[in-house]
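Student:
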Amino acid sequence: MKRPARSLPDTNAIVRYLVADDPALHEKAKEFFDGVRNGGAKAVILESVIAECIYVLTKIYKVPRDKAAGSLIDLLHYAGIANDDRQELIRALSLFSERGLDIVDCILFAKASAAGDHLLTFDADLNKLARGG
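If you want our numbering, it's the position in the sequence shown, counting the first as 1, plus 5.
(1) Tell me which same chain residues have a C-beta within less than 6 Å of the C-beta of aspartate 89, skipping the five on either side of it?
(2) Pick out whichever of Thr63, Leu30, Ala48 has its Cα sitting closest to the Cα of isoleucine 108.
(3) Out of curiosity, what's the CA-to-CA distance linking tyrosine 60 and glycine 121?
(4) Buried or exposed: where does isoleucine 65 fall if 16 or more other Cβ atoms within 10 Å of its Cβ makes it buried?
(5) Determine the extent of the alpha helix (DSSP H) in which serine 102 is found, giving its start and end residues.
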């Protein structure tokens, strides 16, 4: 049985939706994400896109870490988000907001801890987090 089609929004679509700096593109993105919000459309947001969104929002648009992470967490809670790794991405974004670690390190930690996998790193802050600190 074939699964229903899903969309994979890119960083540009998500940023246009969240920042609304281009009215025409924001409207198109809003129309799409309104459907995702109510579950009428299905979307998967790749972890690479989450990482790039964090970079663009915090470095280019100067959005504070907690606000950027919070906006993406809100998006991941939409009814039509079909990510198998939704909870890990939400945890990674929460850690990013709270701990001041790099988003990729937060994703690695969240994925490793959710799967019970060992995290191999030479990063002192990431090792501290992995040891429960």
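From the three backbone atoms N, C-alpha and C, an ideal C-beta is built for every residue, glycine too.
Tutor: In short, the structure shows the following:
(1) Along the sequence shown, read from residue 1 onward, the residue named residue 89 stands at position 84. Nothing meets the Cβ criterion.
(2) Residue numbering aside, residue 108 sits at position 103 when the sequence shown is read from its first letter. When only C-alpha atoms are compared, the closest one is Thr63.
(3) One-based indexing of the sequence shown puts residue 60 at position 55. One-based indexing of the sequence shown puts residue 121 at position 116. For tyrosine 60 and glycine 121, the distance between alpha carbons rounds to 28 Å.
(4) Counting from one through the sequence shown, the residue named residue 65 turns up at place 60. Classification for isoleucine 65: exposed.
(5) Looking up residue 102 in the sequence shown gives position 97. Per DSSP, serine 102 belongs to the alpha helix (DSSP H) from 91-104.
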